[in-house]
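Some notes on the structure that comes next.
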Amino acid sequence: MTALTAKVAEPAPPPPPGAGAPKRRGVELTLLAGAVLISVLGHLYVGLATSGHIPGPAARYATGLCAAALLAHLAVRLRAPYADPLLLPIAVLLNGLGLVLIQRLDATTPGHLTAGDQLLWSALGVALFVLVVALLGDHRVLQRYAYLSVAVALVLMLIPVFFPAVNGAHIWIRFAGLSFQPGEFAKILLAVFFAAYLAANRTALALTGRRLFWKLRLLPGRVLGPILAIWLLSVGVLVLERDLGTSLLFFGLFVIMLFTATGRIGWIAIGLLLAALGAYAVGTFEPHVHGRVDDWLNPFASIERGEGPGQLAQSLFAFGAGGILGAGLGHGQSFLIGFAAKSDFVLATAGEELGLVGLAAILLLYGLLVARGFRAGLALRDPFGRLLATGLASIVALQVFVIAGGVTGLIPLTGMAMPFLAQGGSSVVTNWIIVALLVRLSDSARRPRPAKEPAE
Amino acid sequence: MIRYIRWCAYFCALLLVALLVNIARVQVWESAAYGANPANKRPAIERYAKPRGDILVDGRPVTGSRDSGQLLRYERTYANGPLYAPVTGFSSQTYGTSFVERAEDAILSGTDPGLSAFPLWYELARGRPAGGNAATTVRSGMQLAAYAGLAGKRGAVAAVEPATGKILALVSSPSYDPSVLSGTGTKVKEAWSALNADPARPMLNRALRETYPPGSTFKIVTAAAALDAGVVTDVDAPTRTPDPYPLPGTSTLLPNAGTGCEDASMADAVQWSCNTVMAKIGVQVGLRKMVEAARRFGFNTEGLRVPSWVSRSNFDTDMSQDQLALSSIGQFNTTATPLQMAMVAAAVANGGELTYPYLVERTTQDDGSQVRRGDQRSLGRAMNPATALRLQELMVKVVENGTGRNAAIPGAVVGGKTGTAQHGVGNAGTPYAWFISWARAEGTALPQVAVAVVVEDASADRGDISGNGAAAPIARAVMEAALATG
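Protein chains in written order, with the working numbering: chain A, 373 to 828; chain B, 115 to 600.
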């Protein structure tokens, strides 16, 4: 139905309104089996390649992954039987691949093992997925909690200010030996708020306002004001915390959702112009960001200065070393990237060891996930649902673009977590919730329409 | 709203396409450039990921590999480092390679395409065959004899097989243990700077890379030039040379170290090392023919590789008569590597034909199957066969009853020539003691070995006594070892 879907998967015929769509739960189960199999084989392969023997906890790992996948599948089968059958398998496969890559990098940093933690967080993510799918019967319920969401989001974003900075950014809070990033959760809540607010005020946004010139109309301040204020507040907080990746994400999310709600291309233009100005200002005057822009413009400058390759140069070396077919799992040297090899730069390991082929496959998996999100948005009938699906899909797309573009030298690097792949508990948990919401939304979209439309 | 959602989807598709195009650029287009960047450690990690192949002497490895557990994993070890350092050189993670380690690096590190029957397979599989071995022509017995003979004194020994050009011994003293340079870290760096700061210059390969004035040993070249040019037809005829000999065009008088050189024949002049006679003969041969003769022996030629490069030995091409006279007795600007002088002796012993010296007999794969053979080839004719025979007789007389009696070996025919080279400003430096020789067991036609020995800090005895005293016994020990091993 959409061009994007056509590009990456055979287009399923859209369910005719009113007719019963096929449930396709069997397809989901088959794909899940494949995703689990690929992950377990990757786990075994990494063990063999790095230590020469099958990793000890392989059986437990395989059983755990199977159990998690089955549990999630059961939740979908029972509570969201019409959901898109691709969403859950893609999430399981990406999460499984992420675990494989982290386990592989653990082999080169024996003093800093993280695969176990990541496994724990993934289990928690799947549990939350099950909870969301099971407890959230209808996504429209969320509309009621729009203002509560935004309040919680702002509080979550503010908390880390009171915690010590880690690597120069106030985005983590440490509690009982665990650290997590509240900003990750805030992005879901913010998407819920934007969707609810824009859905409620859509007519006013689309039709009212003083006409400036041609078709461009100034949106009424009464309607635009609150949302603009909240957006500015959240971006301000993030800048304060020096989390530029997330502030960029919020900016993009805001512009995309505003555009989807109003269809005003002029606002996009103004938004992009403002973003460019802001980026230029920050890139010029903020030393941390300025350095990253310099790195992006000339990643090998530090080599020419005789200081050895910087992170971005090491990352590019890793991608280059992978070539088309890759060095093979466990046979790369992406640990040379050093700091952040498992988080921001985890994609470099994928690029080096799986090659262009593997990396493109991973990116296409994300593309498929995003496309399926948009597809749910297109098929939904309520504006809130449409906006929420668009927002959630955009969050995934923007994150992937910002971090993948950053580590491959396409755009300046901004610290952000690759969904499901990167080490980081809050990120994994958040992405599982996003997938749960998309499952819920796609279930609503494909569910046979009752004879009489329920009141919105 | 449907339309706008679709536009958002198109936008995201555009981002995805941008990402895919960019990773194709990085992983295909730029891949080779990134791999070639000197700051990229991957090639080094891959290079040292497997044990390096070995260098063999008499079929036994004189090198080894040690798993260091570091990033650059396998480090080089040397079984008898100082003894074989002039042959093997070093292989260091920090400072690269030298000598055979460098010349045969592709074989030893496993990158040589000849190591695999299917080189493409390794390209595809991103693997690398195990390092191959390099078998040298060196004989351990001769190498030991030369090294023991020098006994830590500054000097060098080069020995070749005249008929084939195989380098049988290559010793430089004082030496060093190349294993201190293997690997990385401060210890290696300290060892490197200590070795470089050492005034005795232990890392200098004196046999291949240092040039010395050859002194009286060069008289063999002058004699060959004179016989080939017809300047001297009867080696026993008197030459009507005054003692001392006034250098042509100057008032400088050239003396002799011993007596009995006045009006001596060329045979006597070689036997007793008369400066006056040989200087005069050199002038009679003339600059052009002397330069030609020297070039035929290997002087003034660049690019000699054994397979490590060898310093160029020099005989000036533009000189006045008095300079030519001095050059004809191996002084003035005439300089030679010990290997070059071994080649001079070898050419005489080999009937006038000069063979290309080489150090690597053959390279093999890990399992011993051959990759390449060392190339036996000729460097051309250095002198007529008749001249060579005549010179052999003269050189035998030097050892039997001349200045080189210390080189005599019972049961063998030995030819030799002593040399003492003045050097330094106003000849202030300690003279270099030289001895070049060849030997064949009695009853055999082909000589087994030709040797050149130079000892830098020979005691400053007058004349050619130091060549006989300091260098000849070492040459004898090396020749004995050669004759013993056949």
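The C-beta atom is built at its ideal place from N, Cα and C for all residues, glycine as well.
Taking a beta-carbon distance threshold of 8 Å, Q771(A) does not count as an interface residue toward chain B. Nearest to L222(B) by alpha-carbon distance, out of R554(B), T478(B) and E514(B), is T478(B).
The beta carbon of L133(B) falls within 8 Å of a beta carbon belonging to chain A, placing the residue at that interface. The distance from the Cβ of A571(A) to that of P755(A) is about 4 Å, consistent with a contact at the 8 Å cut-off. The residue from R117(B), M593(B) and I550(B) with its alpha-carbon nearest to that of P524(B) is M593(B). Within the same chain, D456, A761, L810, L813, S814 and A817 come within 7 Å of A748(A) by CB-CB distance, once the 5 residues on both sides are set aside. Residue pairing by DSSP puts T534(B) in a beta bridge opposite A547(B). Taking a C-beta distance under 8 Å as the contact criterion, A273(B) and A456(B) qualify as a contact pair. For R758(A), the neighbours in chain B by C-beta distance under 9 Å run, in chain order, M115, I116 and I119. Under the DSSP assignment, V565(B) falls outside any alpha helix (DSSP H), being part of the beta strand (DSSP E) whose first and last residues are V563 to V569. Within chain A, no residue has its beta carbon less than 7 Å from that of K333(B); the closest one is some 54 Å off.
Here DSSP, grouped into helix, strand and coil, assigns G419(A) to helix. Interface annotation for the region 153-173 of chain B against chain A: A153, N154, K155, R156, I159 and E160, criterion Cβ-Cβ distance under 9 Å.
With 16 or more other CB atoms across the displayed protein chains lying within 10 angstroms of its CB, I806(A) is buried. The DSSP-derived three-state label of A123(B) is helix.
Counting only residues of its own chain and dropping the five nearest sequence neighbours on each side, L620(A) has a CB closer than 7 Å to the CB of V774 and T786. Between the region 519-539 of chain A and the region 125-134 of chain B there are fewer than three C-beta pairs closer than 8 Å, too few to call the two in contact. Relative to the Cα of A601(A), the nearest Cα in the group F623(A), R512(A), L616(A) and D615(A) belongs to F623(A). Contact between N389(B) and L361(B) does not hold, since their C-beta atoms are separated by about 11 Å, which reaches or exceeds 8 Å. Chain order gives the chain A residues near G149(B) as G692 and A693, where near means a beta carbon separation below 7 Å.
Put simply, the region 698-708 of chain A does not touch the region 780-795 of chain A. Fewer than three CB pairs are less than 8 Å apart. Interface annotation for the region 468-498 of chain A against chain B: empty, criterion Cβ-Cβ distance under 7 Å. Under the Cβ criterion (8 Å, minimum of three pairs), the region 467-482 of chain B does not count as touching the region 290-304 of chain B. When DSSP states are grouped into helix, strand and coil, R419(B) belongs to the strand group. By the Cβ neighbour-count rule, R664(A) is buried, with 16 or more other Cβ atoms within 10 Å of its own. DSSP assignment within the region 732-789 of chain A yields the following whole alpha helix (DSSP H) runs of 4 residues or more, N-terminal first: 755-779.
Within chain A, no C-beta atom comes less than 7 Å from the C-beta of Q207(B); the nearest is roughly 15 Å away. Around the C-beta of D312(B), fewer than 16 other C-beta atoms lie within 10 Å, and the residue is accordingly described as exposed. Taken in chain order, the region 375-414 of chain B contains no complete beta strand (DSSP E) segment of 3 residues or longer. Sequence-distant Cβ neighbours of V418(A) in its own chain, meaning closer than 8 Å and more than five residues away, are P427, V472, Q475, R476, A479, L701 and G702. As computed with DSSP, N247(B) is found in a beta bridge with T478(B). Taking a contact to require three or more Cβ pairs closer than 8 Å, the region 376-391 of chain B and the region 353-360 of chain B qualify as touching. Note on geometry: alpha-carbon atoms of L560(B) and E275(B) lie some 10 Å from one another. Close to V742(A), with beta-carbon spacing below 7 Å, are these residues of chain B in chain order: C126. In this structure, the beta-carbon distance from L793(A) to L492(A) does not fall below 8 Å. In the three-state DSSP reduction, G465(B) falls in the coil class, being neither helix nor strand.
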